[in-house]
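A.B. asks:
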Amino acid sequence: MNYPFARRMNKIPRSFVREILKVTDDDDMISFAGGLPNPQSFPVEAIKDATSKVLTEDGEKVLQYSTTEGYRPLRELIAQRYKRQGLKVEVDDILITNGSQQCLDLVGKIFLDRDDGVVMERPTYLAAIQAFGLYEPRFHSVPLLSDGVDTKALENILKEEDIKLFYSVTSFQNPTGITYSRDKREKVAEILTEHDTILVEDNPYGEIRFMGEEIPPIKSQLPDSILFGTFSKIVSPGMRMGWIVAPPEVMDKLITAKQASDLHSNYFTQRVVYQYLQDNEVDGHIQKIRKLYKSQRDEMVRSIREYLPEGVKHTAPEGGMFLWVTLPEGMSSMDLFELALEEKVAFVPGETFYTESPEKNTMRLNFSNSSEEEIIKGMKRLGKSIEKLQDVKK
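Residue numbers (our numbering): 21 to 414.
So this is what it looks like as structure tokens:
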């Protein structure tokens, strides 16, 4: 049958990372490709205890339908954590979602018509390109510098174009690992107050800072902005628990859109996550994650410098799960990818993270889901692959 799919489906490719994960399902493959937290950080026994407690104490209720907004005590707990960071967030400002990926979809649904302007960082989170892309906007990109977005470029685009949304990952950005400085956050807030452009601030990695000073989200200076959060990086990604923080007028539309999408996020999982957070010292758990990821990050930075050829550049993130590698000019990471698979090592070619004119000599490496021994072995394999590509280029 010739299925009459919506025209927009012809414009949206499958996630390159999801496809890579199929290729790397090999015991001998060392993969730096997926954005995967380290399973050593998953609180398995504590989640088991929380699940048993919830079912024992309130089993019939937790297996029932619930409200769209989400379990109120869980939202209160999230609001309390924000207040400790200096953000004025009330419980009714929070909507529980199916991971922060659903946040992207809901924001796209309520704001974007075809050909609306959206500014993205260059490079940016590829699943955000995919989620917003379904609504057929016009993407504009602004370069990332070492301390955050190029604010002059941002200001110029906002002056010249009609832009609805500016999507930004301000802490330990995916894919680069770059973090906006305090001054850069203030400047972005200052620019956006002069334009009718909404900041959509995605902050999945903010609590995984293992170096440097804590810096609050831009929302602390820009109350009308939208902020995403998730438990995927500090509890478990498989539980798919995230949230949106938004002003009342926006929240009303988000709730309507979510009702049409799924009625509400998994209520049972919400209760289990809440019980886990109530019964355990989550900040201590986060400190363990930070310590683990710092050692993995440090080993990857050291191994890049030791095993990759001269001329290869990289970021050195202060938190999160990724770093960004730039190969010498004229070298394609997509060509390197094929050689690397032969050596049993994988990464994500950088061109998938661009909305336009991709820089083809870039790539993303994930350090959180590999042991230090695997990082060393994988960097040796990657170095060998780069040398092979250089020989081909000669």
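For every residue, glycine included, the Cβ atom is placed at its ideal position computed from N, Cα and C. Everything numeric in this text was worked out from a predicted model, so none of it was measured.
Thinking just about the alpha-carbon of each residue, which of F192, D216, Q122 is nearest to the one in E234?
C.D. replies: If we check each option's Cα against that of E234, F192 comes out closest.
A.B. asks: Beta-carbon separation of L237 and L107 under 9 Å?
C.D. replies: For the record, residue 237 in the displayed sequence is Pro; it is not Leu. Going by C-beta atoms, P237 is nearer than 9 Å to L107.
A.B. asks: On a Cα-Cα basis, can you pick out the residue from K73, F25, I32 that is closest to Y419?
C.D. replies: With the chain covering 21 to 414 only, the question about residue 419 has no answer from this structure.
A.B. asks: For Y91, does the three-state DSSP call read helix, strand or coil?
C.D. replies: Three-state result, Y91: coil.
A.B. asks: How about V138 and I211: are their beta carbons less than 9 Å apart?
C.D. replies: No, the pair does not count as a contact, with Cβ atoms beyond the cut-off.
A.B. asks: Within 10 angstroms of its Cβ, does R104 collect 16 or more other Cβ (buried), or is it exposed?
C.D. replies: Classification for R104: exposed.
A.B. asks: Under three-state DSSP, which class holds H284?
C.D. replies: H284 falls in the coil class under three-state DSSP.
A.B. asks: Identify the residues that DSSP records as bridge partners of L347: which are they?
C.D. replies: Beta-bridge pairing links L347 to no other residue.
A.B. asks: Return the chain-ordered list of same chain residues with a C-beta closer than 7 Å to the C-beta of A70, the five sequence neighbours on each side being excluded.
C.D. replies: The residues are V292, Q295, Y296, D299.
A.B. asks: Across the region 81-91 and the region 235-255, are there enough close Cβ pairs to call them in contact, namely three or more that are closer than 8 Å?
C.D. replies: The region 81-91, when compared against the region 235-255, does not touch it at the 8 Å Cβ threshold.
A.B. asks: Taking E392 as the reference, which of L178, A209, H160, F52 has the closest Cα?
C.D. replies: Nearest C-alpha to E392: F52.
A.B. asks: Work out the CA separation of T76 and L154 for me, nearest whole Å.
C.D. replies: Answer to the nearest angstrom: the Cα atoms are 42 Å apart.
A.B. asks: Output the boundary residues of the alpha helix (DSSP H) element that contains I149.
C.D. replies: Start and end: 146-153.
A.B. asks: For G403, I'd like the list of residues in its chain whose CB is within less than 8 Å of its CB, leaving aside the five on either flank, ordered along the chain.
C.D. replies: Once the five neighbours on either side are set aside, the close Cβ partners of G403 are Y327, L328, P329.
A.B. asks: Once DSSP output is grouped into helix, strand and coil, what is the label at M140?
C.D. replies: Reduced to three states, the DSSP call for M140 is strand.
A.B. asks: Using only the alpha-carbon positions, how far apart do W344 and F367 sit?
C.D. replies: Each residue's alpha carbon lies about 11 Å from the other.
A.B. asks: Check F367 in the structure and name its three-state DSSP category.
C.D. replies: Correct three-state label for F367: coil.
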